[in-house]
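Peer 1: Could you have a look at this structure, given as structure tokens, before my questions?
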Amino acid sequence: MDMKYCASLRAGRATKRIALLIGIALLCAGSTACLSRNSSPEQRYELKGKVVSVDKQKRQVTIDHKEITGYMSAMTMPFNLKDEWAFDVLAAGNEVQATLVVKGDRSWLEGIVITQSGSDGSAVNSTESPSEPRPGDEAPNFSLVNQDGKQVSLHQYRGQALLLTFIYTRCPLPDYCPLMSNNFAEINKALQKHPDAYVKTHLLSISVDPDYDTPKVLRSYGAAYTGNRGEDAFKGWEFASGTSEQVKQIAQYFGLRYWQDKDQIIHSLRTALIAPDGKVFRLYKGNQWKPTEVLSDLQSLKN
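Going left to right, the sequence shown walks through residues 19 to 321 as this note's numbering numbers them.
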């Protein structure tokens, strides 16, 4: 039999095996996540504060709120809002109170009441979107410092599928940074079960809070999600940050919006899948994407 034909046949079988393994991981990750999220009890907290901005498109309202007893200190954060009518009447400067509902990795406001109307002109125009890469665009190289204090760059991941997202370790809302990290943990765990797929994929979480999220902080935070504190804890999933300017350039390229407010960071959400050739394969906006979607896209890349 022709040697080239044999090599081609073996390669084809190997590709099919990897696709099958990822498919199995996809099903397992999806069923586990559904059970976990559906079984979580609801927790309810009273929230009072002042509206900073309203985003009808994203169905969110950003509120400078007082301390939420038993949950979080006073800060400014965006919240999902279920009261549809409120988007037609809420404005920056309104004093409001509402119930913050937290269920697993999701949270939202309901029962919102305007206790004092008024506008202070402090609204942030959240309808403006920065430029974003399109599928097929080549991602620029960048340099950051990872959880071990070592420099990393985009080009070093060439040859692997790179999945990256943006977080900061002090982010309190379960459906923002914690959700991104939990999703990555599910993906990481699913891929670890299949070494052939795992070695061809790399995960990277980038902090937008470089002043606080030092390598030491990122290492401690990351270990809680990787579930491994050994030497190979970050072999397939790294946590990194850089100077404020470096992080800003990367965030802007992927369309992430963020700004500092007191001791907290208000931000949007962006996750990107970069193909082994360094080109953007897909950009996931917001927090609605699921680990199963990414595993499916990884399978498409392998094919």
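Ideal Cβ placement from N, Cα and C applies to all residues, glycine included.
Source: prediction; values computed, not measured.
Please state the DSSP three-state secondary structure of residue 164.
Peer 2: The residue labelled residue 164 in the question sits at position 146 within the sequence shown. The answer is strand: DSSP assigns residue 164 an E or B state.
Peer 1: Specify whether the stretch 222-236 and the stretch 259-269 touch according to this definition: at least 3 beta carbon pairs, one from each stretch, less than 8 Å apart.
Peer 2: Yes: the two stretches touch, three or more of their Cβ pairs being nearer than 8 Å.
Peer 1: Given a threshold of 16 other Cβ atoms within 10 Å of its Cβ, counted over all protein chains shown, does residue 10 qualify as buried or as exposed?
Peer 2: Lying outside 19 to 321, the shown extent of the chain, residue 10 is not represented and no answer is given.
Peer 1: Thinking residue 82 and residue 196 are a contact (beta carbons under 8 Å), I'd like their distance in whole angstroms, please.
Peer 2: Along the sequence shown, one-based indexing puts residue 82 at 64. Along the sequence shown, one-based indexing puts residue 196 at 178. Not confirmed; about 21 Å, so no contact.
Peer 1: Which residue comes first and which comes last in the beta strand (DSSP E) that contains residue 93?
Peer 2: Position 75 of the sequence shown, counting from 1, holds the residue named residue 93. Its beta strand (DSSP E) spans residues 93-98.
Peer 1: Using the rule of at least 16 other Cβ atoms within 10 Å of the residue's Cβ for burial, across every protein chain shown, is residue 147 buried or exposed?
Peer 2: Taking the first residue of the sequence shown as position 1, residue 147 is located at position 129. With a pLDDT of 44 at residue 147, under the threshold of 50, the modelled position of this residue cannot be trusted; read the value that follows with caution. It is exposed - the Cβ of residue 147 has fewer than 16 other Cβ atoms within 10 Å.
Peer 1: Once you ignore the five residues that flank residue 220 on each side, which residues in its own chain have a CB closer than 8 Å to its CB?
Peer 2: Taking the sequence shown and counting its residues from 1, one reaches residue 220 at position 202. Contacts found: 175, 178, 179, 180, 181, 254, 255 and 256.
Peer 1: Quick one: Cα of residue 296 to Cα of residue 149, how far?
Peer 2: In the sequence shown, the residue the question calls residue 296 occupies position 278. In the sequence shown, the residue the question calls residue 149 occupies position 131. Their backbone Cα atoms lie some 19 Å apart in a straight line.
Peer 1: Residue 119 lies in the beta strand (DSSP E); which residues open and close that run?
Peer 2: Counted from its first residue, the sequence shown places residue 119 at position 101. Per DSSP, residue 119 belongs to the beta strand (DSSP E) from 113-121.
Peer 1: Residue 260: buried (16+ other C-beta within 10 angstroms of its C-beta) or exposed?
Peer 2: Mapped onto the sequence shown, residue 260 falls at position 242. Looking at its Cβ environment, which holds 16 or more other Cβ atoms inside 10 Å, residue 260 is buried.
Peer 1: Put residue 300 into one of helix, strand or coil per three-state DSSP.
Peer 2: Working through the sequence shown from its first residue, we reach residue 300 at position 282. Note: residue 300 maps to strand in three-state DSSP.
Peer 1: Measure the alpha-carbon distance for residue 151 versus residue 298 and round it to whole angstroms.
Peer 2: Taking the sequence shown and counting its residues from 1, the one referred to as residue 151 is at position 133. Taking the sequence shown and counting its residues from 1, the one referred to as residue 298 is at position 280. Going by the C-alpha atoms only, they are around 7 Å apart.
Peer 1: Just to confirm, is the Cβ distance from residue 172 to residue 184 under 8 Å?
Peer 2: Counting from 1 along the sequence shown, the entry for residue 172 is found at position 154. Counting from 1 along the sequence shown, the entry for residue 184 is found at position 166. No, Cβ-Cβ distance for residue 172 and residue 184 is not below 8 Å.
Peer 1: Thinking C-beta only, is residue 205 closer than 8 Å to residue 80?
Peer 2: Counted from its first residue, the sequence shown places residue 80 at position 62. Counted from its first residue, the sequence shown places residue 205 at position 187. Not in contact: residue 80 and residue 205 (Cβ atoms no closer than 8 Å).
Peer 1: Using a Cβ-Cβ cutoff of less than 8 Å, which residues in the same chain neighbour residue 107 once the five nearest sequence positions on both sides are dropped?
Peer 2: Sequence index remark: in the sequence shown, residue 107 carries index 89 (1-based). The beta carbon of residue 107 sits closer than 8 Å to the beta carbons of 132 from its chain, once the five residues preceding and following it are set aside; these are given in chain order.
Peer 1: Out of 62, 68, 294 and 103, which has the shortest C-alpha to C-alpha gap to residue 87?
Peer 2: The residue given as residue 87 occupies position 69 in the sequence shown. Minimum Cα distance to residue 87 is reached at 62.
Peer 1: Alpha carbons only, please: which of 208, 290 and 163 is nearest the one belonging to residue 234?
Peer 2: Position 216 of the sequence shown, counted from the first residue, corresponds to residue 234. The shortest C-alpha to C-alpha distance from residue 234 to any of 208, 290 and 163 is the one to 163.
Peer 1: Assign residue 145 to one of three DSSP states: helix, strand, or coil.
Peer 2: Along the sequence shown, one-based indexing puts residue 145 at 127. Caution is warranted here: a pLDDT of 34 is assigned to residue 145, below 50, making its placement in the model unreliable, and the coordinate value is therefore given only provisionally. Note: residue 145 maps to coil in three-state DSSP.
Peer 1: Tell me the DSSP bridge mates of residue 276?
Peer 2: If you number the sequence shown from 1, residue 276 lands on position 258. According to DSSP, residue 276 bridges with 285.
Peer 1: Please look up how many angstroms separate the CB atoms of residue 116 and residue 69, rounded, as I've assumed it's under 8 Å.
Peer 2: Start at 1 with the first residue of the sequence shown, and residue 116 comes out as number 98. Start at 1 with the first residue of the sequence shown, and residue 69 comes out as number 51. Actually they are not in contact, since the Cβ atoms of residue 116 and residue 69 sit about 11 Å apart, beyond 8 Å.
Peer 1: Does the beta-carbon of residue 321 have 16 or more other beta-carbons within 10 angstroms, so that it is buried, or is it exposed?
Peer 2: In the sequence shown, counting from the first residue as 1, residue 321 sits at position 303. The residue in question, residue 321, is exposed, as its Cβ has fewer than 16 Cβ neighbours within 10 Å.
Peer 1: Is the beta carbon of residue 188 closer than 8 Å to that of residue 216?
Peer 2: Locating residue 216 in the sequence shown gives position 198, counting from the first residue. Locating residue 188 in the sequence shown gives position 170, counting from the first residue. Result no, Cβ atoms of residue 216 and residue 188 do not sit closer than 8 Å.
Peer 1: Return the residue from the list 209, 100 and 154 that minimises the CA-CA distance to residue 312.
Peer 2: Reading the sequence shown from its first residue, position 294 is the one you call residue 312. For residue 312, the closest C-alpha among the options 209, 100 and 154 is that of 209.
Peer 1: Is the shortest distance between the beta-carbon of residue 100 and the beta-carbons of chain B less than 8 Å?
Peer 2: Structure shown: chain B not included; a single protein chain is present.
Peer 1: How should residue 332 be labelled, buried or exposed, when 16 other C-beta atoms within 10 angstroms of its C-beta is the threshold for buried?
Peer 2: Examination of residue 332 is not possible in this model, given that the chain is present from 19 through 321 alone.
Peer 1: How many angstroms separate the CA atom of residue 85 from the CA atom of residue 293?
Peer 2: Position 67 of the sequence shown, counting from 1, holds the residue named residue 85. Position 275 of the sequence shown, counting from 1, holds the residue named residue 293. Roughly 43 Å between the two C-alpha positions.
Peer 1: Any idea what DSSP makes of residue 317, helix, strand or coil?
Peer 2: Reading the sequence shown from its first residue, position 299 is the one you call residue 317. Of the three classes helix, strand and coil, the one that applies to residue 317 here is helix, per DSSP.
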